[in-house]
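Okay, so here's the structure we're looking at.
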Amino acid sequence: MRIARFRHEDAIAYGILDEGELIVLAGDPMFAGYDTTGERVPVGEVTLLAPVIPRSKVVCVGKNYLDHAAEMGSEAPGEPLLFLKPNTAVIGPDEPIVRPWQSERTDYEGELAVVMGRIAKNVTAHAALDYVFGYTIGNDVTARDLQRSDGQWARAKGFDTFCPLGPVIETEFDLAGGATLTSRVNGEVRQRGAISDMIHSVPAIIEYVSAAFTLLPGDVILTGTPAGVGPFVAGDVVEIEIDGLGILRNTARDAESPR
């Protein structure tokens with residue numbers, strides 16, 4: 001089932017995607033279930049929004065693909081390498097990624113995003129997927145120069161607009177289905193990797209994360225990126241595609257310096 005969050009006629013609603021139309025839901029399905037209003041709206045008449053705004057946090061996993069760790073000049077960590085993005089970094093499909101004036105290089109990082117559906121604390125890997133609401137696509141936008149100069153990642157990963165999510169949440173995504181992640185800039189393929197090539201699996205990540213942080217419904221986990229990360233500039237169109245989840249598309253622009 002594909003769940004969208006959208007704006008229509010100045011109202012924000014949720015819907016189930018069904019052959020070019022949205023079956024409008026009575027509320028947020030994560031909390032209110034799947035009761036419908038009886039209304040159907042053509043997708044072409046709505047603006048798709050980020051399918052979820054995390055209640056508290058976006059938890060990210062760094063260097064979770066061997067080829068990406070190698071291209072960054074390091075070995076893959078033995079345990080998941082965690083960092084956080086604020087929920088104010090989240091934007092939806094077709095919203096602009098704003099390149100901050102403080103940075104001279106911003107990079108795309110296409111990733112599978114896990115959307116939590118239940119409160120999770122000290123969850124075992126065996127039970128982890130029972131706590132997942134669904135999956136979507138994420139772009140872990142990074143100010144690469146600031147990541148290197150700061151010595152830690154909070155600012156470089158956390159600017160406003162640095163966490164595009166979408167276009168929808170797929171509640172029945174098959175992690176073992178052989179899905180491929182592809183990133184493109186202006187139509188040119190820059191990344192292509194198999195989701196199955198993750199070093200740490202989604203259940204293992206949830207176990208590890210929930211041992212440190214209580215995960216709330218709506219929190220998002222970004223699971224890492226394959227090799228091929230690189231820069232984009234103002235005017236570039238960045239697309240992240242995952243088989244079965246659609247295409248997340250955003251255009252970049254430069255922020256105006258306040259100085």
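Residue numbers (my numbering): 1 to 259.
All C-beta atoms, glycine included, are put in the ideal place defined by N, C-alpha and C.
Delimiting residues of the beta strand (DSSP E) encompassing residue i
{"i": "I137", "result": "132-139"}
{"i": "Y65", "result": "Per DSSP, Y65 belongs to no beta strand (DSSP E) and is neither H nor E."}
{"i": "S183", "result": "180-185"}
{"i": "R190", "result": "188-194"}
{"i": "P29", "result": "Taken as a continuous stretch (DSSP letters only), P29 belongs to no beta strand (DSSP E), being part of the alpha helix (DSSP H) at 29-32."}
Collapsed DSSP secondary structure at residue i in the structure displayed
{"i": "Q147", "result": "helix"}
{"i": "L129", "result": "helix"}
{"i": "E172", "result": "coil"}
{"i": "D262", "result": "It is not possible to answer for residue 262, since the shown part of the chain is limited to 1 through 259."}
{"i": "D197", "result": "helix"}
Cα-Cα separation between residue i and residue j, rounded to whole angstroms
{"i": "E19", "j": "E256", "result": "41 Å"}
{"i": "A194", "j": "L112", "result": "11 Å"}
{"i": "A260", "j": "R190", "result": "Because the chain here runs from 1 to 259, residue 260 falls outside it and cannot be looked at."}
{"i": "D197", "j": "P258", "result": "43 Å"}
{"i": "V233", "j": "F162", "result": "14 Å"}
{"i": "I247", "j": "S149", "result": "32 Å"}
{"i": "I23", "j": "S201", "result": "33 Å"}
{"i": "P164", "j": "K63", "result": "19 Å"}
{"i": "D67", "j": "A156", "result": "22 Å"}
{"i": "Y65", "j": "S210", "result": "21 Å"}
Status (buried if at least 16 other CB within 10 Å, exposed otherwise) for residue i
{"i": "Q152", "result": "exposed"}
{"i": "R249", "result": "buried"}
{"i": "T214", "result": "exposed"}
Residue i: first and last residue of the uninterrupted alpha helix (DSSP H) it sits in
{"i": "V202", "result": "202-210"}
{"i": "G218", "result": "First-last for G218: undefined, no H or E at that position."}
{"i": "A156", "result": "154-158"}
Notebook entry, point to check: What are the start and end residues of each continuous alpha helix (DSSP H) run of 4 or more residues lying completely inside the segment 66-113, in chain order?
Noted result: Segments of the alpha helix (DSSP H) lying fully in the segment 66-113: 66-71.
Next item on the list: Please list the segments of the beta strand (DSSP E) lying wholly inside the segment 40-64, counting only runs of 3 or more residues, in order along the chain.
Entry: With a minimum length of 3 residues, the unbroken runs of beta strand (DSSP E) contained wholly in the segment 40-64 fall at 58-62.
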